[in-house]
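S.K.: So the sequence shown is residues -17 to -1, 1 to 459, counted in mature numbering (1 follows the signal peptide of the UniProt record, and there is no 0).
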Amino acid sequence: MSLALAVLLLSQGSTQAAPLSHLLRDSLLSRSDQCICPDQRTVWDILWNCLVTIFVCSWISVHPNLPAPGDSWGKVALRRLELMFWALISPEMIILWAMRQWFGARNLARLYRGKGWTKTHGYFIQMGGFMLYHRGQPQEILSPEKLKELYQDGKIEFPTITETEIQDRSKADPIAKALVLGQTTWFIAQCITRRIQGLALTELELVTVAFAFLNGFMYFLWWNKPLDVRSSVPVYLLDIRKTRSIEINFDNGTILEERSLGHRLKNLLLDMLHVIVSPLRQGASWIWKLIENKGVLWVFYAILVRGPSHGFVLMYTRLGDVIETSSTTTIQKGQMRVDTFYAAYTVNLELQQCMAVTSSIAVAFGAIHCVGWYFSFASRAELLLWRISSAVITVVPFSMVIGSVFVILKENIRAGPYGEMIAIPLTTAVSVFMVLALPVYIISRLFLLVEAFIGLRFVSAKALANIDWWSFVPHS
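1) If I'm right that T103 touches E146 with Cβ under 8 angstroms, what's the distance once you round it to whole angstroms?
2) Expressed to the nearest angstrom, what Euclidean distance is found between the alpha-carbon atoms of K58 and M319?
3) Determine the contact status of F86 and T377, defining contact as a CB-CB distance below 7 angstroms.
4) Rounded to whole angstroms, what is the Cα-Cα separation between F38 and S44?
5) Considering only their Cβ atoms, is the gap separating A193 from I437 smaller than 7 angstroms?
6) Measuring only the C-alpha atoms, how far is I274 from L368?
7) Thinking C-alpha only, which one of F358, I314, N198 is nearest Q122?
8) Short of 8 angstroms in beta carbon distance, which residues of its chain neighbour K316, apart from the five on each side in sequence? Order them along the chain.
9) Which residue wins for smallest C-alpha separation from A159, given the options A183, L210, Q173, R178?
10) In terms of DSSP beta bridges, what is I171 paired with?
11) So, for L182: in the same chain, excluding its five sequence neighbours on each side, which residues have a beta-carbon less than 6 angstroms away from its beta-carbon?
12) Would you call the stretch 203 to 223 and the stretch 153 to 167 in contact, with 3 or more CB pairs under 8 angstroms?
13) When we look at the beta-carbon of V218 and count the other beta-carbons within 10 Å, is it buried (16 or more) or exposed?
14) Ignoring anything shorter than 4 residues or poking outside the stretch 97 to 137, list the alpha helix (DSSP H) runs there in chain order.
15) Tell me whether the stretch 74 to 82 and the stretch 334 to 341 touch, counting them as touching only if at least three CB pairs, one residue from each stretch, are closer than 8 angstroms.
16) Taking all protein chains shown into account, decide if G97 is buried (16 or more other Cβ within 10 angstroms of its Cβ) or exposed.
17) Excluding the 5 residues flanking L79 on each side, which residues of the same chain have their C-beta closer than 8 angstroms to its C-beta?
18) With DSSP as the reference, label A339 as helix, strand or coil.
19) Could you tell me whether the Cβ of G53 comes closer than 7 angstroms to any Cβ of chain B?
20) So the beta strand (DSSP E) V216 belongs to, where does it begin and stop?
21) Run the CB neighbour count on A161, radius 10 Å, all protein chains shown included, and call it buried at 16 or more, exposed below.
22) When you compare only the Cα positions, how much space is there between H117 and L221?
23) Can you give me the start and stop residues for the alpha helix (DSSP H) that P74 sits inside?
24) Under the rule that 16 or more other beta-carbon atoms within 10 Å means buried, what is W203, buried or exposed?
25) Comparing alpha-carbon positions, which option in L91, L429, A172, L164 lies nearest M201?
Now the structure itself:
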């Protein structure tokens, strides 16, 4: 992996040796005052440098969980593509998932400190790294709860795999990590230097800086998590139980039996979604009776009514999975792999911390896009849409914090003399805002991504000028 990544990153330096054709160059550089000069870069240089950095941030930096035994290459690739999609559209979702796994790994390392466990072990079991075998046949993936239960009952030997052995299974070596961090750090440094020298940035570079900013947090949270592991470690079910004295360090990391904040928040969102979407479906039901035999009309009905409502449900379901739901904190009996967004169960305090930190990071992510408030755009409409979209992705993350606070305080508010009068309107208002905000957020993110690329058709001379690195060298 290190060699392939090095070739990809080093190939950026060779882009100037392959100039664009006149036809493509003219289509990308529409202004007459632009030229290809030794002290200038081309649009292709900008595009390639940004694409490599975005790929590093959305594909290589994301650490997926293990696939099930026998999963085809296609299934594994589709799951990676889903993660890449969310990393591009809503990267703070990936940060939240990574943070939940970070808390889980820390708690598990504390719990089994006496067994020599580290954070790497904690990540590995959350990835689905331990498979229960009985008489040579795989039975199910071991969750942290199941591992603890079977070991206490004397039904298994505790896994003895070392941190080094786990890391040997990882596709990410120190060189690859250094290359990824080096690429993102170098890209951010170039953009900062351009601003210092009064040179312009393109919208695509600004978007890429935002991704690189989040990449640093992602790498910190997943630094000890193995990358792209394909096979689990077998843990064999014993035919004869062993009676043992269990010595496990229980502390605040112990899993507590309580209803998760994320589960309640997801249910609240889905309830509000149901209230909004149900009348639309009911109102259209009688239309369906008229057009069920009309093929063309059915297509329009499916696209305009059923499609969006199902899409909204899918978005909220995945959002709930990332925050914390039963499917992403528990493993069912006989399950052969963990959910895409699985993480060990965290107590409400830790989940609140995750959401607060993630929301703050998301606000900073949106604020970076707001730096382009006074950039030059091809049209006034594009400038206004950029400003609106940047504001949306900066403001919307606050809704998660507000929603969490109201979910926690809802019962306490109702206990007061005017509790019902206050709690119901406030909770409803926040819930409606969150339901409506997510589609707007997704649309805004999509616009910013698309505009970042089509904005390359209008590139100013200052944006094409190269950095004068010699200006930083002291002269006598």
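Ideal placement from N, C-alpha and C gives every residue a C-beta, glycine not left out.
M.R.: On the basis of the data shown:
1) Taking a contact as a CB-CB distance under 8 angstroms, the pair T103 and E146 counts as one, their CB atoms being some 5 angstroms apart.
2) Each residue's alpha carbon lies about 14 angstroms from the other.
3) Contact check for F86 against T377 fails: the beta carbons are separated by 7 angstroms or more.
4) Each residue's CA atom was taken as its position, placing F38 and S44 some 9 angstroms apart.
5) Taking the C-beta atoms as reference points, A193 is found no nearer than 7 angstroms to I437.
6) Unreliable placement is indicated for I274, whose pLDDT of 48 sits below 50; the coordinate value is still reported in the next sentence. Annotation: I274 to L368 spans about 38 angstroms, alpha carbon to alpha carbon.
7) Looking at the Cα atoms, I314 is the closest of the given residues.
8) Here the set comprises E123.
9) Selection A183, L210, Q173, R178 evaluated against A159 yields L210 as nearest (Cα-Cα).
10) Residue pairing of I171 in beta bridges, as defined by DSSP: absent, with no partner found.
11) Residues of the same chain with a CB within less than 6 angstroms of the CB of L182, apart from the 5 flanking positions on each side, are K445, A448 in chain order.
12) Judged by Cβ distances under 8 angstroms, the stretch 203 to 223 makes contact with the stretch 153 to 167, as three or more pairs qualify.
13) Burial call: buried.
14) Counting only runs of 4 or more, we get 102 to 109, 127 to 135.
15) Taking a contact to require three or more Cβ pairs closer than 8 angstroms, the stretch 74 to 82 and the stretch 334 to 341 qualify as touching.
16) Its Cβ having fewer than 16 others within 10 Å, G97 is exposed.
17) For L79, where only same-chain residues beyond five positions count, the Cβ hits under 8 angstroms are V305, I306, C337, M338, T341.
18) DSSP places A339 in helix when its eight states are reduced to three.
19) Checking the listed chains, one finds no chain B in this structure; it contains a single protein chain.
20) Note, V216: beta strand (DSSP E), 216 to 219.
21) Classification of A161: exposed, given that the 10 Å Cβ count is below 16.
22) Cα to Cα, the separation comes out at about 8 angstroms.
23) Where P74 is concerned, the enclosing alpha helix (DSSP H) stretches over 74 to 94.
24) Looking at the sequence shown, residue 203 is not Trp but Phe. F203 comes out exposed.
25) Residue L164 is the option with its Cα nearest to M201.
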